[in-house]
Amino acid sequence: MTFWDHLEELRHVLLRCISVIALFAILAFVFKDEVFAIIFAPKSPNFLPRLFGSSPDIQLINTELTRQFIIHMMTSFYVGLIVAAPYIIYELYRFISPGLYENERHYSTPLVVSAYVMFMVGILFSYFIVFPITFRFLANYQVEESVENLISLESYIDTLVFLSLAMGLVFEIPILSWLLGRLGILHREQMLQYRRHAIVIILVIAAIITPTSDAFTLAIVSAPMYLLYEVSILLVPRSQCR
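In this note's numbering, the protein residues as written are 264 to 505.
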């Protein structure tokens, strides 16, 4: 195929991906009640076990006339993008796979699948643990009893999306480490040598991800990050030079 033939094929791939995203986004827009029931579930007082304490049902507010409709559209797009992600990955892989060598094609399929699975695991971890704890802490935090918290719908959605994306990327640590190891850039001895430095970096990243200041939430985020680092050590090959 010529260069222009490749561009034409890429155009068809992108059109198919956009069409599938639009289809799922429209479905998410139509089934508004079901979608937002899932989105608002973490703010429910019964969402977390009693281990994490009790919390009243916090009501959200809207302060702009068009904001709810815009958020509805953006949320539908996000849902459409997440649901269509497997198909998008399949289309992009099918487009680039003819240009890969046999050994590259052998590793690329499990790599792509693993990266997507780990990203979704990170999102679920944020949805079921990190975001509910963070929201409960911030929504009930007061510098003075006379200052009442009024949580806007936009703030709720933005925090949910940010934490979901952040945790999704964090859970890519083993995949990225394995890839760097295959490329010869990273070795197991390096990760073992800089383990203490990694712990400090993990705590800093966890503090940035979680906008709360309590040690419990910091531990909830940093603990799986450290576990992922330890798993990454096992996935990275040893150095050939000893």
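All C-beta atoms, glycine included, are put in the ideal place defined by N, C-alpha and C.
Measuring only the C-alpha atoms, how far is Ile333 from Glu327? Cα to Cα, the separation comes out at about 10 Å.
*Taking contact to mean at least 3 C-beta pairs separated by less than 8 Å, is the region 398-414 in contact with the region 355-375?*
The answer is no - the region 355-375 does not touch the region 398-414, with fewer than three Cβ pairs under 8 Å.
- Query: So what's Leu328 in DSSP terms, helix, strand or just coil?
  - Reply: Here DSSP, grouped into helix, strand and coil, assigns Leu328 to coil.
**Q.** Cross-strand partners of Leu387 (DSSP beta bridge)
**A.** None; Leu387 has no bridge partner.
request  = State the Cα-Cα distance for the pair Arg274 and Tyr390, rounded to the nearest angstrom.
outcome  = Going by C-alpha positions, Arg274 is about 35 Å away from Tyr390.
message: Could you tell me which whole beta strand (DSSP E) segments of length 3 or greater appear in the region 463-499?
response: Listed in chain order, there is nothing to give.
Please determine, among Ser495, Ile420 and Gly431, the residue with the shortest C-alpha to C-alpha distance to Ser339.
Looking at the Cα atoms, Ile420 is the closest of the given residues.
Is Tyr341 closer than 8 Å to Val424 when the C-beta atoms are compared? For Val424 and Tyr341, yes; Cβs fall inside 8 Å.
Mark Gly385 as exposed unless 16 or more other C-beta atoms lie within 10 angstroms of its C-beta, in which case mark it buried.
Buried, because 16 or more other Cβ atoms sit within 10 Å of the Cβ of Gly385.
| message | If distances are taken between C-alpha atoms only, which option among Phe299, Asp320, Ala300 and Ile302 comes closest to Asn309? | response | Answer by Cα proximity: Asp320.
Would you list, in sequence order, the uninterrupted beta strand (DSSP E) runs of no fewer than 3 residues that lie entirely inside the region 430-466? If we require 3 residues or more, the region 430-466 turns out to have no beta strand (DSSP E) run fully inside it.
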